[in-house]
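Here's the structure we're looking at; comments come further down.
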Amino acid sequence: MSGLATHLDRFLNVFAAWVLALIWVLPLVYAVWTAFHPAAYEARFELFAPLTLENFVKAWDAAPFARYFLNTFILVTMILAGQFFLCTLAAYAFARFVFPGRNILFALVLLQLLVMPDILMVENYQTMRLLHLVDTIPAIALPYIASGFGIFLLRQTFMTVPKELDEAARIEGASFLTVLWKVYIPLAKPTYLAYGLVSVSHHWNNFLWPLIVTNSVETRPVTVGLSVFSAIDSGVEWSVINAATLMTSGPLLIAFLLFQRQFVQSFMRAGIK
Amino acid sequence: MRGLIFRREWITGWLLLLPALVFLFAFTHIPAVMTILNSFFSTPRGRRQAKFIGLDNYERMIGDPVFWKVLWNNLWFALGTIPVSVGLAIVMALWVNEKLLGRSFVRMAYFTPTVLPLIAVANIWLFFYTPGFGLFDQITGALFGWPATNYLGNPDTALNAIIVVTVWKEAGFFMIFYLAALQSIPITLKEAAQIEGAGRWTIFRRITFPLLMPTTLFVCINAVINSFRLVDHIFILTDGGPDNASALLLFYIYEVAFRFWETAYGATLTVALLILLCLLAISQFFIFDRKVHYK
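Quick note, the sequences are listed as chains A and B, same order.
Take the first sequence: its position 26, counted from the start at 1, is 31 in my numbering, and no numbers get skipped.
Take the second sequence: its position 156, counted from the start at 1, is 392 in my numbering, and no numbers get skipped.
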């Protein structure tokens, strides 16, 4: 290939990559534009249009977003704590203990990667009714707490811990729980971070199951709150809806922009099987 | 003595598993079995108990035109989203993996949709699609002088409009997996091929792409599951309409079970979804198994 053609090829690649990148951020840029400008500039793009925070104030006053944020925060924390606890114990069992039924049970765990709780919403709703948990935050959290993905991910990590470390600790008289706490968990820290980020962003964004199982301000997470807010479409202006949209994705988006490298690496780590 | 130690290990293993299994069975396995059982019963209403009705629900499903419509929609949705988003993901990963002007910005741009809630981005896209006023109409109007088009209100375009949003949302997520895979390919392979005089396209077709096959299998399974699971944006964009033109199977299950409260029929539809998912997972595994080159 001649030098010119290589240069042209290179240029075209960079150009195309940038065009695609700009298309990809366009919706977000657009949302930022409308949210920070008066309603009159919703579809008029002038460089020196006046900036305003009015839309955010309006959105914040129009719906109990503070409560929605609190609900989401409680929900995400509850799920993450439960997942860490249950998945760690189960992964430890699968990685380092030999017992009858291990393979069948592991297959049953992996089945959850295919049949996710969202798909079984009809039956799970009946269960929540039976437990008198409908319209509570635990009802949103419970189906996700034993995560097949989390167990699988931690098991893979625990299996890479050298057996010698484990045996050395046991010879010194440490119980199996001490070994788990002092040897396995510290060595798996990057996996916990990765899984934590994936889990938090997934459940922050989750919508369908919370929509079904909640019906009051006290339990709704932000995603459901946002849908309720924007459903009264006739009266609310676009700029206000976009301000609310940005608000709900804001914390996650800011965290992502600040810790971009960790986010990307975490998703990569969680994806490598 | 030896047997005793082994038994202690068994009990420890079971005890460690117990809490996770309780939750797993309570919210995945038992509900799955109950769904199948309930599909043979009628919906309990008030004091009227559910009673065994055999295959009535299934007969109703076979005769339900909406069921076939959403099934067909879902197939179209899968065909529209999976190849495009996976293809884009590979291209994105190749670009971002190389030295590129402003690489970190480009990577961020591709990945950002992944961290945004689907329900929130649907709000933004809803404006893009607004007839006359929205961004698409402004662009096509200014460039080609097209009249205002109601993309979401027209049965011919509603589902495609939803496919576009889904591709936008998913491609960057899949890119990450390809990026991870690309970084594990030894650079010496590429260099050797370059010395042999292979062009970029040949290198991609003969070396990179075959080595990415395990990732492609993984991404495709994910994409198939997602094509049955991602329905959040439908609630905002079209609510399944017009005339179920953009409703997918899971969305229809939601409607039947939680808007019309026909839980038994909802269970029957869920069984159809479960069967479909299992069949797809199995067939995909066999199709790809022959072509995947493991290291």
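Yeah, the Cβ is synthetic: ideal placement off N, Cα and C, and Gly gets one too.
Legend entry - Same chain, Cβ closer than 7 Å to T444/B, five either side skipped, listed in chain order: I421
Inset, instruction - State the start and end residues of the unbroken alpha helix (DSSP H) segment that holds H469/B. - result: D468 to L473
Legend entry - Cβ contact (3+ pairs, closer than 8 Å) linking the segment 150-163 of chain A and the segment 191-200 of chain A: yes
Inset, instruction - Give the residues of chain A in contact with M344/B, contact being defined as C-beta atoms less than 7 Å apart. - result: Q265
Legend entry - Contacting residues, own chain, Cβ-Cβ under 8 Å from P143/A (five flanking each side not counted): M83
Inset, instruction - Excluding the 5 residues preceding and the 5 following L415/B in the sequence, name in chain order all residues of the same chain whose CB lies nearer than 7 Å to its CB. - result: A329, V332 and N333
Inset, instruction - Using three-state DSSP, classify Y530/B as helix, strand or coil. - result: With a pLDDT of only 47 at Y530/B, under 50, the local geometry of the prediction cannot be trusted, and the value read off the model is given with reservation. Note: Y530/B maps to coil in three-state DSSP.
Inset, instruction - Indicate whether at least one CB of chain B lies closer than 7 Å to the CB of M273/A. - result: yes
Legend entry - K278/A versus G8/A - alpha carbon distance: Legend: pLDDT at K278/A = 45, less than 50; position of this residue unreliable, value from coordinates given subsequently. Approximately 41 Å between the Cα atoms of the pair.
Inset, instruction - Mind checking who F288/B pairs with in its DSSP beta bridge? - result: F277/B
Legend entry - Length-filtered (4 minimum) alpha helix (DSSP H) runs lying within the segment 209-270 of chain A: 213-218, 227-236 and 243-263
Inset, instruction - Assign M252/A to buried or exposed, taking buried as 16 or more other Cβ atoms, counted over all protein chains shown, within 10 Å of its Cβ. - result: buried
Legend entry - Interface partners of V467/B on chain A, CB under 7 Å: L213
Inset, instruction - Compute the Euclidean distance between the alpha carbons of S221/A and L257/B, then round it to the nearest angstrom. - result: 31 Å
Inset, instruction - Run the CB neighbour count on F99/A, radius 10 Å, all protein chains shown included, and call it buried at 16 or more, exposed below. - result: buried
Legend entry - Environment of K187/A [buried if 16+ CB atoms lie within 10 Å]: exposed
Inset, instruction - Quick one: using the 10 Å Cβ neighbour count with 16 as the cut-off for buried, is V269/B buried or exposed? - result: exposed
Legend entry - C-beta neighbour in chain B for P122/A, strict 7 Å: yes
Legend entry - Reduced DSSP secondary structure (H/G/I, E/B, other) of P105/A: coil
Legend entry - At least 3 beta-carbon pairs within less than 8 Å: the segment 509-516 of chain B vs the segment 277-286 of chain B: no
Inset, instruction - Would you kindly work out how many angstroms separate the C-alpha atoms of I193/A and F90/A, rounded to a whole number? - result: According to the sequence shown, residue 193/A is Ala rather than Ile. Whole-angstrom Cα-Cα distance: 14 Å.
Inset, instruction - Return the chain-ordered list of same chain residues with a C-beta closer than 7 Å to the C-beta of K531/B, the five sequence neighbours on each side being excluded. - result: The predicted model places K531/B with a pLDDT of 38, which falls under 50 and marks its position as unreliable, so this point remains unresolved.
Legend entry - Residues near L324/B in its chain [Cβ-Cβ closer than 6 Å; skip 5 each side]: A407
Inset, instruction - Could you please tell me which residues of the segment 447-478 of chain B, in chain order, have their CB closer than 8 Å to any CB of chain A? - result: F454, I461, F464, R465, V467, D468, F471 and I472
Legend entry - Any alpha helix (DSSP H) of 4 or more consecutive residues that is wholly inside the segment 401-437 of chain B: 423-431
Inset, instruction - Go ahead and pull the three-state DSSP assignment for S180/A. - result: coil
Inset, instruction - Could you tell me the distance, in whole angstroms, from the CA atom of L516/B to the CA atom of E491/B? - result: 24 Å
Inset, instruction - Assuming F313/B contacts I423/B (C-beta within less than 8 Å), just tell me the rounded distance between them. - result: Contact doesn't hold; Cβ gap of about 39 Å is too wide.
Legend entry - Local conformation of Y488/B per DSSP, three classes: helix
Inset, instruction - Flag F522/B as yes if its beta-carbon sits less than 7 Å from any beta-carbon of chain A, otherwise no. - result: no
Inset, instruction - Can you pull the chain B residues whose beta carbon is under 8 Å from the beta carbon of I176/A, in chain order? - result: None at all; the shortest Cβ gap to chain B is about 15 Å.
Legend entry - Rounded distance between the beta-carbons of L311/B and L388/B, thought under 8 Å: Contact flag wrong, Cβ pair sits at about 21 Å.
Inset, instruction - May I ask you to report which of helix, strand or coil DSSP gives M237/B? - result: Note that M237/B scores a pLDDT of 48, beneath 50, so its modelled location is shaky and nothing firm can be said.
Legend entry - Proximity below 7 Å, CB of T77/A to CB of V227/A: yes
Inset, instruction - Give every residue of the same chain whose Cβ lies closer than 7 Å to the Cβ of F521/B, excluding the five residues on either side of it in the sequence, and list them in chain order. - result: none
Inset, instruction - Please state whether DSSP places N480/B in a helix, a strand or coil. - result: coil
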